[in-house]
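Inspection log for the structure reproduced underneath, given as structure tokens.
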Amino acid sequence: MSLPHDLSIMSINARGLNLPEKRSQALRDFRSCKASVVFIQETHLRGDTHPKLTDAHYPTGFYSNHPTSKSKGTALLFHKHIPFISKESLTDGEGRLLVVKGHIANTLYTFANLYAPNRAQHRFIATCLRKVMGFTEGTLIMGGDFNIPLSPLVDTSKGTASHPSHILRSIGRTLHTHRLVDCWRATQPEGRDYTFFSRPQQSYSRLDYFFMQHYHLHTLKAATIGTATWSDHAPIHITLTSQLYRPASFSWRLNDSFLANDSLIEDGEKVLETYFTENATPDISDAVIWEAHKCVIRGHYIKKGAELKKKRATQISDLVRQISDTESLHKRDTDPAHLATLTTMRRSLSDLMNTLHHRTCLQTKAFFHTHGDKSGRLLARMIAKKRAATYIACVRDRKGRPQYMPPQIMTALRDYYKQLYSLPGPQTDKTKQTLLEQIQTYHSKHTTRKLSEIDAALLEEPITEGELSIALKSSQTGKSPGPDGLPLRYYKTFRTVLVPHFLKAFNALTQGGTLPPQALMANITLLPKEGKDLTNCANYRPISLLNADVKLFAKVLATRLQPHIPNLIHYDQVGFVPGREAKDNTIRALQLIHEGQLSGRDFLLLSTDSEKAFDRVNWDFLFASLAHIGLGPQMQTWVKALYTDPSARICVNGVYSESFPIQNGTRQGCPLSPLLFVLSLEPFLSAVRQHSDITGPVVGTTQHKIAAYADDLLFFVTNPRVSLPCILSTFKDYGVLSNLKINFGKSNILSIQTTDTQYPSYLRQFPFPISHTKLKYLGIWLNVNPAENYRDNFAPLLTTLQKDLSTWNYTHISWLGRVAIIKMNLLPRLLYLFQTIPISLPKQFFSTLKSALIKYIWRGGTPRLRFDMLTRRKSQGGLAVPDFRRYHIASHLLRILDWSKSGVRKKWKDAEQSALKVPLAALPWLPPAQDKYHDIISPYTLATMAIWRLASKTFSLSTFPSPLLPIVHNRDFALGLQAGTFCTLFSTETPRVLHMLRNNSYIPLSELYNTGTPPFLLSFKYGQLRHFLRAIPQQHKLVRQLTGFEQQCMMPNPMAHGISYIYSLLQTAAADTPPPFMGRWEMMLGMSLSEPQWDKILDLTHHCSVASKVQEAAYKVLTLWYRVPTQINQMFPDIPPICWRCNEEEGTMLHIWWSCPILEPFWRTIHAVTSEFVDPPIPFCPAAMLLHHTSISTRTYKRSVLVRILNVAKSVVPLYWKQIVCPSLEVWRSRMEDLHALEQLIFHSTDQAELYTTIWSRWTLVTSTTSFKTIMSTHRD
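As numbered in numbering that gives the first Met the number 0, residues 0 to 1276 make up the sequence shown, in order.
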């Protein structure tokens, strides 16, 4: 719903906006005035570089600045709710003129912002107007500071002119010529008001104006002059009628800060307890009681929010009102007493606004202190491509007509989504019944997997508090709430009160209850698809926001159902199935392409794209799917409760539409939706597998027809003349029942092998585009020629990564921040390709990538630490920078693990196994000399084996012979080629030496054969086997302990985080020597530190603070990152190695950081301060003061103020680098107080008040004592 909304335009001379406090005041003032467009003069921003003036409320800004100096400057800001589409802009290059034209709601405007000089204004205005008029289109709005009262008699308090009359006449003629009318004077012909007070002349004048051409004056509703507060000019406002609309009602959400306020939390608990006590009666359903509590708590916090807002705003509003009243008096009598009062009140207002700004800055600093330069949302947003404003200025309706007016835009989008979520079904009861019968028949034929009775019974159990607790803990906070405005943190904060009533409400649904309609409402936000035609309603990505309690309920159901999904879904489907990944399909496809080229038969791939697949699911078909897999009635009822009368409303340009019903599709944003979708699609996949006329390549004993990742389907098609029509027919049958619709334009055929000359022309009969070289599936290119996989996938990614690193070369991202970006952004992208395309990569790939990383990490400068040092784990002295070559090796070694686990079925394993004569599980452990006899034809198996042979030796993952040496399929043991006897004896498909051993000796045959006396032939073969094993050289290797990697290979179940585990093994093996800096420190300190002592130092270095920058500073000291005179002298002999401070001794690392006579008093003072907090005092030595090497336990040390004192002290020393003065204790004290304020805010906002007290309780007390003041004064600078 929406109402008409006027266009509010504001102009003000800011008199400089370089100070962050003043920018904050200005933007706050613009918001409070509800300005749609803001004209600003005298920004004093430089053209080559200037601070950010826009914010979340004013994201769009245009600027005209002086190119080299901080003088003049004009700006235009547009509010986020103004759908301004810029067409063109014009500036004078000097910061005095800025003109922008563009559309707002299909109306063309030209905004001209002027800042006139204080002399020859007539020539400036005439020149500007010639430019403006030649540029203007649509409605012209010209405003700004003209630096002259145009009618001195009424526009000045003295009524006299201080400018020559010919200037005034010339300006008047110019304005009249262009039909420009003074907006304020037009609305108040006899009024007197002013925008500027001149202290030298002790007079007021009106210098700021808005002008419009007379034939557009009918749109002018009001013009006013405001009160001068933060600037020496008063703002001026005009209001225009427009075709904009504002929301009739606003969407409320609970302020998260209320959930960090102990007093407000306590109040909320009392309100909730009272509500449930008074209303939990048998005559009201539990679901209604639960839903109604939201209204109560919402009303409570709206009231509290209004009280707090009023309390905060009262002081400001009172001051502004007093300033306005006093200013009116002063304008009339220019009494000096009134001026003095005005000055005092404006200063008080400025101080108050600055206090608010500093409080906000402190909160921002605390956030950056905690999250800055770390992997997470903050860093991701810093490097993310800036998303364009989500204004929707024009869309086409269902008839293809462009709509520009807000109501029509809203109607077109609402109609589109209403139609999408309400697909037409049967029109009569009879046709509906027929459809239901067809759905039942389809499921009866194609739903082949079902839950066991035991599993179904477990799913019927009532929801428990434990399940809800797990859902709460695993759900991520910080996401936008649904229509009820209550975020997930609300349920976590009040879980003690809410959980019992939550369980009652949702468990009661199985007794015939339903959820109220408000509970199932969703807000839909539209995000534009990049590079698409945004006038097409389909080219917006809808993001649905559901209520948090409904998502929690769905999360509980999804957590229950998820363990059963692998048994209900065939291996062809890997999307949203635990234990299955995209690589299972891509490796399978790559292997089948290779096999298809060797087969000599017609073979193609068909990739299909489903149109809005999740949004189109037919609910009758979905519910039938749940019934046919064996879900019990209660579980079905819970699921159906989520789909009983749901609705949604769309947010367009800040305005919500009327709600509309949702009648099909799985709920977006619902944790249960992916599982429901794959369950509903499984009958179709089964139908494809069962269809005898749809054929795919047979590899070994397995026929491969289809691979699926959710709705991304890939068909493996042989005999296309028969198979393709049957695939289309199967799609049609399924689509009629489930609403699935194929987008033929985005689907694709890739021809792999052709034997029929008429085959290409035949394929063109089908509605799919045809490719003969490559096809994209799950983000990778599948090429007909496997040799092109590197060129199609890895080479373009390498180029993209180099470009991205160059783009992200921001100066505000620190050294550790750059490392975090590499781990957070580059690593996942490369790992995806490493796993989905298991090929060997050229050395040039890794060397080029390494060079790009080094250049990025060191900002193009000379590295100060070796790259292999940075790639070490933090516990090994490095920074855990990814070594992508080792990650590539780890990706292939994970395949070895998959080969070895016989209990885990992967269809790509079946495809690879069929091309081998020996089991994949045995292949890596057979003698390397036998590789040439295995006839490995798969390039992917070859690549993995080549990497394994090299890595197993390089990283000590295994030796040959290994306890995992296979007994069967071993050419050195002829009897082993007849696997049957030994597989039966050892009860495993791949008997190994390990299975014959116990306590380093062979298990007797009598124990292995436990069904009586072993037959003579078996005894003879067992003896031959023992003889063979004893003849193998290096017997000790057969009976050794298994390595970590070998142990994982023998585990039956798949391994979670397998690549991380294998990578850690590689890193441990590679870092077999201590880092060089350890030896250098021991030499400088004249002492030897044990391995546990170094482990403690490394731990404290990387965890001495939550702030990444503090960790970085500590690591730089530890690794001798700073270049001191002795090092510089070695590189440049002409530069003396003498200390720049004392100019007496050699400037070694220890001298510069510790023993310099000028620096020593600073450290003695710091040590004296630490002695006030620690008893006994820590030693006064560089090991303790610089490296945190003390006898204090690690946990106690981290939770003490001592580590903070030393960290801050170390951060102060580099501030005086290459200066002859001692570091300032005042700077140290100031930084400590800043840290104190930040951690106070951080710990209290994260419910760690007790930890704050432990760390800082004595700081305030000690720093106010006489002894502390004596210490500081004794060694003061």
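Beta carbons are placed, not taken as given, at the ideal position from N, Cα and C, and that holds for glycine.
From a predicted model like this one, the values you see are computed outputs, not experimental measurements.
What three-state label does DSSP hand residue i in the structure shown?
{"i": "L18", "result": "coil"}
{"i": "E136", "result": "coil"}
{"i": "P541", "result": "strand"}
{"i": "L341", "result": "helix"}
{"i": "V1261", "result": "helix"}
{"i": "K550", "result": "helix"}
{"i": "G465", "result": "helix"}
{"i": "N782", "result": "strand"}
{"i": "A507", "result": "helix"}
{"i": "Y758", "result": "helix"}
{"i": "D192", "result": "coil"}
{"i": "D1290", "result": "Since the first residue shown for the chain is 0 and the last is 1276, residue 1290 is missing from the structure and cannot be characterised."}
{"i": "D5", "result": "strand"}
{"i": "F1172", "result": "coil"}
{"i": "P965", "result": "strand"}
{"i": "D1276", "result": "Here D1276 scores only 46 on pLDDT, less than 50, and its place in the model is too uncertain to base an answer on."}
At the level of alpha carbons, what is the spacing between residue i and residue j?
{"i": "P1222", "j": "H1166", "result": "14 Å"}
{"i": "V818", "j": "V880", "result": "6 Å"}
{"i": "D532", "j": "F767", "result": "23 Å"}
{"i": "S256", "j": "Q475", "result": "17 Å"}
{"i": "Q1277", "j": "F61", "result": "Within the shown structure, residues of the chain are numbered from 0 to 1276, placing residue 1277 beyond reach of any answer."}
{"i": "G143", "j": "D317", "result": "28 Å"}
{"i": "T273", "j": "G267", "result": "10 Å"}
{"i": "L457", "j": "L1117", "result": "56 Å"}
{"i": "T1147", "j": "W1120", "result": "13 Å"}
{"i": "R448", "j": "H569", "result": "9 Å"}
{"i": "T689", "j": "L567", "result": "With the sequence shown as reference, residue 689 is identified as Gln, and Thr is not the correct amino acid for it. Near 16 Å, if we compare the C-alpha coordinates of L567 and Q689."}
{"i": "Y1060", "j": "S737", "result": "43 Å"}
{"i": "P378", "j": "D803", "result": "Pro is not the amino acid found at residue 378; the sequence shown has Leu there. The straight-line gap from Cα to Cα measures roughly 14 Å."}
{"i": "A455", "j": "T430", "result": "32 Å"}
Compute the beta-carbon to beta-carbon distance between residue i and residue j, rounded to the nearest angstrom, for a pair I have assumed lies under 8 Å.
{"i": "A920", "j": "W898", "result": "6 Å"}
{"i": "H771", "j": "P837", "result": "At roughly 25 Å, the Cβ-Cβ gap does not stay under 8 Å, so H771 and P837 are not in contact."}
{"i": "W947", "j": "P923", "result": "5 Å"}
{"i": "Y1001", "j": "R1025", "result": "6 Å"}
Per the DSSP calculation, residue i is bridged to which residue(s)?
{"i": "G143", "result": "L113 and Y208"}
{"i": "Q752", "result": "F602"}
{"i": "D317", "result": "Looking at the DSSP assignment, D317 forms no beta bridge with any residue, so it has no partner."}
{"i": "G101", "result": "S85 and Y108"}
{"i": "H593", "result": "DSSP output for H593 lists no bridge partner at all."}
{"i": "N522", "result": "L544 and R648"}
{"i": "H65", "result": "R45"}
{"i": "L96", "result": "L113"}
{"i": "P527", "result": "Y539"}
{"i": "V37", "result": "M9 and L76"}
{"i": "K1277", "result": "The shown model of the chain, from 0 to 1276, leaves out residue 1277, and the question about it has no answer."}
{"i": "F1179", "result": "In the DSSP output, where bridge partners are listed per residue, F1179 has none listed."}
{"i": "L713", "result": "S606 and A706"}
Any heavy atom of the ligand ADP inside 7 Å of the beta-carbon of residue i?
{"i": "K873", "result": "Summarising the ligand content, the structure contains no ligands, and the ligand ADP is consequently not present."}
Is residue i close to chain C? Criterion is C-beta to C-beta, closer than 8 Å.
{"i": "H593", "result": "The chain labelled as chain C is not found in the depicted structure, where only one protein chain is given."}
ask   = Considering only residues of the segment 1052 to 1101, which uninterrupted alpha helix (DSSP H) runs meet the minimum length of 4 residues and lie entirely inside it, listed in chain order?
value = 1057 to 1069, 1075 to 1084 and 1090 to 1101
request  = Please list the segments of the alpha helix (DSSP H) lying wholly inside the segment 848 to 881, counting only runs of 4 or more residues, in order along the chain.
outcome  = 866 to 869
query = Which whole runs of the alpha helix (DSSP H) in the segment 619 to 686 are 4 residues long or more, in chain order?
reply = 632 to 640
message = Could you tell me which whole beta strand (DSSP E) segments of length 3 or greater appear in the segment 209 to 271?
response = 219 to 224 and 235 to 246
message = Please give the ranges of any beta strand (DSSP E) in the segment 355 to 423, keeping only runs that are unbroken, at least 3 residues long and fully inside the region.
response = none
Whole runs of the beta strand (DSSP E) within the segment 794 to 819, excluding any shorter than 3 residues = none
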